[in-house]
Amino acid sequence: QPRTATVRATTDGKLWSIDRDTFSTLTVSFAIKQREKYLKFLHTVNFIQTFYARGWLSENRLQDLADALRPRYYVANQIVIKQDDTDAYEMFFIEYGSVKVTRQETDRTIRELKILGVGTCFGELALLENRPRYATVTALEECRLATLDAKSFENLLGFELKTKLKEFVDKEYATGTLDDAPKNKN
1 QPRTATVRAT TDGKLWSIDR DTFSTLTVSF AIKQREKYLK FLHTVNFIQT FYARGWLSEN
61 RLQDLADALR PRYYVANQIV IKQDDTDAYE MFFIEYGSVK VTRQETDRTI RELKILGVGT
121 CFGELALLEN RPRYATVTAL EECRLATLDA KSFENLLGFE LKTKLKEFVD KEYATGTLDD
181 APKNKN
């Protein structure tokens, strides 16, 4: 195929090149390693463990979930999500590091709800219920978060798994396992 662009160096330097087959091999190899890493990680996440053990989440769907995750890095004190944001387009899984979950009350005081660490997730409520973010989440240290975008969330979970996840999350909130977000009273 003909080249689609011309590139000219503005300074002297060295150029490395790889052939198409090598590039394809490297790309596939990276994708396989990424999938394996995320599969291993997902098996440590509470709701994933529960869904998998109960047969609600197949190995194939778990692989699709692993393929859909994208890494994102945060430094200490960087805000990951902000309370009341309506731009909720992803949920997060903590690969390493920790985050603090806080909520500004009506009297303007900031209340710390929880510290979350490796193997926990957050941001799912906004995707499940299509509502603004309930709390602010701030990195306490350097963090690597695996993100799942809203479209992948919808496609991978479907109605039945979303319903089960909602029930699971409601139960976790009711027992104080996640934080004390109010449940919708339907």
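Using the UniProt record's numbering, the first residue of the sequence shown is number 1, and each one after it goes up by one.
Even for Gly, the Cβ is constructed at its ideal location relative to N, Cα and C.
- Task: Just confirm the distance between the C-beta atoms of R111 and T102, as a whole number of angstroms; I'd bet it's less than 8 Å.
- Result: 6 Å
- Message: I'd like the span of the alpha helix (DSSP H) that includes I32, first residue to last.
- Response: R20 to L42
- Just checking my contact of A66 with L39 at CB under 8 Å: how many whole Å lie between their CB atoms? 5 Å
- Task: Report the option in E124, G117 and Y89 whose CA atom is closest to the CA atom of T163.
- Result: E124
- Beta-bridge partners of Y73, as assigned by DSSP: R144
- Query: What three-state label does DSSP hand Y52 in the structure shown?
  - Reply: helix
- Give a yes or no on whether the C-beta atoms belonging to F93 and V137 are separated by under 9 Å. no
- Query: What is the DSSP secondary structure of Q104, reduced to helix, strand or coil?
  - Reply: strand
- Task: Please report the residue range of the alpha helix (DSSP H) in which R61 lies.
- Result: E59 to A68
- Where does R20 land, buried or exposed, given buried means 16+ other C-beta within 10 angstroms? exposed
- Task: Compare the C-alpha of L127 against each of E105, Q49 and V169 and name the closest.
- Result: V169
- According to the neighbour-count rule (16 or more other Cβ atoms, all chains shown, within 10 Å of its Cβ), is V80 buried or exposed? buried
- Query: Hey, is the region 28-48 in contact with the region 111-122, meaning 3+ C-beta pairs nearer than 8 Å?
  - Reply: yes
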